[in-house]
Amino acid sequence: MPLYPVSVSLSSYGATLVRERGQASFLPLLAQAGAARAELREELFAAPPDPQALAGAVRALGLDCLYSSPLELWTEKGRLDAALAPTLVRANTCGARWLKVSLGHYRAGCDLGELALRLAGQPVQLLVENDQTVQGGCIDALQAFFTEARDLDIGMTFDIGNWLWQEQPVDEAAQRLGRYVRYVHCKAVGRNDDGKRVALPPEPVDLQQWQRLFRHFPAGVPRAIEYPLQGDDLLAVSRQHIELLSRLGQPQEERQHA
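In our numbering, the protein residues as written are 4 to 261.
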C-alpha cells in the first residue's frame, strides 16, 4: 500500500498512445496500480471529452482528479487571462478538484482582485506551476506572485525538473517556495540525441535529491509521476514507480524499517 498519495500524469504514457486510446481508458490502470489521483491533460484530448463520462469514471474508481491546462494565468499585458473561467468549468465538469496552470507574465501591479473574484466560491482549487518559460519558470517571479496571493486559496505545483530549463537552482527554489507547495511533479531530466532536454525516469541519485527537496514541502504532499512509463506490462511498471514515489518525504528512520 503506497505510503503517501501518488498521482500519475497521463502524459507519462506517451502523447500518441494517450490520444489514440483516450485518457479515460487509462483510469482503471491507475486505480489497479495504486495511484490516488489521475492528472488529466487538456492538450492530450484528441477530441472534446465527454465530461460527465470522465467524472463518472473517476468517481467509480475512487480516484482523485486534477485537470492540467497549458493556460498561462497572466497575459503579456499583465491581465488575467479570460480563458481561466471556462477552464475552471471544464475542470469541474470532468470531476477534477484541482486545476493546474502556469504563471504566465505576472508582474508587480497585476490585479489580484479580479483573480480573487474569479476564484470565489469555486469548487476547484487553483494550482500554479513553474513551467519551462522565462516568464513562468523563475524563482523570483513565482515568489513575488505567491507572496502577493497569500490570502487566496492558491497552491503551487512544484515541478522538480522544469527548473533546469531556466537554469534555476532547485534546492533554492524548494527553500523559498516550499511553504506554498500543494503538489509536486517528479521527473529526472536528460538530453536527447538533438541535445534537447527531456523527461526521464529517476536514477538513485535523483531519488536522493528528491528526498532532500521534500523536506521543504508540507508533510505527505501529493506527488506525481511526469516521466515516461513504458514497457510490455504497463500495470507492473506503473505500480513499481507509484510505490517508489510514495516513499518520498518519509523520515529516514521510518524508511529503514519499511
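A virtual CB, placed ideally from N, CA and C, is assigned to each residue, including glycine.
Own chain, CB closer than 8 Å to G2, minus 5 neighbours either side, in chain order = Past the edges of the chain, shown from 4 to 261, lies residue 2, and the structure says nothing about it.
Residues in its own chain within less than 6 Å of F161 by CB, not counting five upstream and five downstream?
-> Against the sequence shown, residue 161 aligns to sequence position 158. Around F161: V184, V187.
Taking the runs of the beta strand (DSSP E) that are 3 residues or longer, which of them lie wholly in the segment 91–146?
-> 101–107, 128–132
Use the C-beta contact count for A99: other C-beta atoms within 10 angstroms, 16 or more gives buried, fewer gives exposed.
-> Position 96 of the sequence shown, counted from the first residue, corresponds to residue 99. With 16 or more other CB atoms across the displayed protein chains lying within 10 angstroms of its CB, A99 is buried.
Spatial neighbours of G181 in its chain, beta-carbon cut-off 7 Å, leaving aside the 5 residues before and after = Numbered from 1 along the sequence shown, position 178 holds the residue referred to as residue 181. Around G181: H219, F220.
Please classify G112: is it buried, with 16 or more other beta-carbons within 10 angstroms of its beta-carbon, or exposed?
-> As a working mapping, residue 112 is identified with position 109 in the sequence shown. Per the 10 Å Cβ criterion, exposed.
Taking all protein chains shown into account, decide if H260 is buried (16 or more other Cβ within 10 angstroms of its Cβ) or exposed.
-> The residue labelled residue 260 in the question sits at position 257 within the sequence shown. Interpretation of H260 is limited by its pLDDT of 45, a score under 50 that renders its predicted location unreliable; the figure taken from the coordinates is listed afterwards. Exposed, since its Cβ has fewer than 16 Cβ neighbours within 10 Å.
Whose C-alpha, out of L145, D84, Y230, is nearest the C-alpha of R200?
-> Within the sequence shown, residue 200 is the residue found at index 197, counting from 1. Nearest Cα to R200 within the set L145, D84, Y230: Y230.
Give a yes or no on contact between the segment 48–55 and the segment 80–91, applying the rule of three or more CB pairs nearer than 8 Å.
-> No contact exists between the segment 48–55 and the segment 80–91.
L115 at chain C interface by Cβ criterion, 8 Å = Considering every chain present, this structure includes no chain C. It has just one protein chain.
Close Cβ partners of S10 (< 6 Å) along its chain, the five nearest in sequence each way excluded | As a working mapping, residue 10 is identified with position 7 in the sequence shown. A distance below 6 Å between beta-carbons, with the five flanking residues on each side excluded, links S10 to the following residues of its chain, in chain order: R40, E42, P225, A227.
Leaving out five residues before and five after A18 in sequence, what residues of the same chain have Cβ atoms less than 7 Å from its Cβ?
-> Locating residue 18 in the sequence shown gives position 15, where the first residue counts as 1. Within the same chain, A18 has close Cβ partners L47.
Check each candidate in L120, Q128, R110 and name the one with the smallest Cα separation from A94.
-> Along the sequence shown, one-based indexing puts residue 94 at 91. Answer by Cα proximity: Q128.
Rounded to a whole number of angstroms, what is the C-alpha to C-alpha distance between G116 and A147?
-> Indexing the sequence shown from 1 puts residue 116 at position 113. Indexing the sequence shown from 1 puts residue 147 at position 144. Between G116 and A147, the C-alpha separation is close to 16 Å.
What did DSSP end up calling A261 once you bin it into helix, strand or coil?
-> Translated into the one-based positions of the sequence shown, residue 261 becomes position 258. At A261, the pLDDT of 49 sits below 50, so the modelled position is not reliable; the number obtained from the coordinates is stated separately. Assigned with DSSP and collapsed to three states, A261 falls in coil, not helix or strand.
Would you list the one or two residues that DSSP bridges to W168?
-> What you label residue 168 is simply residue 165 of the sequence shown in a count that begins at 1. For W168, which the question treats as bridged, DSSP gives no partner whatsoever.
Test item: CB-CB of A202 and G164 under 8 Å | Along the sequence shown, read from residue 1 onward, the residue named residue 202 stands at position 199. Along the sequence shown, read from residue 1 onward, the residue named residue 164 stands at position 161. Closer than 8 Å, so yes.
Got a sec? Which residues, its chain only, sit under 6 Å from Q178 by beta carbon, not counting five neighbours each side?
-> Within the sequence shown, numbered from 1, the residue matching residue 178 stands at position 175. Once the five neighbours on either side are set aside, the close Cβ partners of Q178 are H219.
Around the C-beta of R44, are 16 or more other C-beta atoms found within 10 angstroms, so that it is buried, or is it exposed?
-> As a first step, residue 44 must be located in the sequence shown, where it is residue number 41. It counts as buried.
Would you identify the three-state DSSP class for L66, choosing helix, strand or coil?
-> Here residue 66 corresponds to residue number 63 of the sequence shown, with the count starting at 1. It is coil, neither helix nor strand.
Between G139 and P73, what straight-line distance do the alpha-carbon atoms span, to the nearest angstrom?
-> Here residue 139 refers to the residue found at position 136 of the sequence shown. Here residue 73 refers to the residue found at position 70 of the sequence shown. Taking the straight line from one Cα to the other gives about 12 Å.
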